[in-house]
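The sequence shown runs 1 to 54 under the UniProt record's numbering.
Note that beta-carbon positions come from the ideal geometry of N, C-alpha and C, so glycine has one too.
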Amino acid sequence: MTDLNRLDDNSEVNGTANRLMRKLRRTPFRPRFDFNTGEPVATEKLTWAYESTD
């Protein structure tokens, strides 16, 4: 993942948010595959959600 943007502006959690973003950038991308053909398929409107805990 290379195109990652932070949408909030909460300066109280900058360190935590930056660590999470670095971890996400280092996560390898794994495309979806068609079960019948085994070929990678395009994914549209992919949303990743993560819970943050204090």
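Asked: Between residue 41 and the rest of its own chain, which residues show a CB-CB distance below 6 Å, the 5 nearest in sequence each way excluded?; Found: 32 and 34
Asked: Could you tell me how far apart the beta carbons of residue 46 and residue 25 are, in whole angstroms, since I believe they sit closer than 8 Å?; Found: 16 Å between Cβ atoms; not a contact.
Asked: Using a Cβ-Cβ cutoff of less than 8 Å, which residues in the same chain neighbour residue 13 once the five nearest sequence positions on both sides are dropped?; Found: 52
Asked: Quick one: what does DSSP say residue 22 is sitting in, helix, strand or coil?; Found: helix
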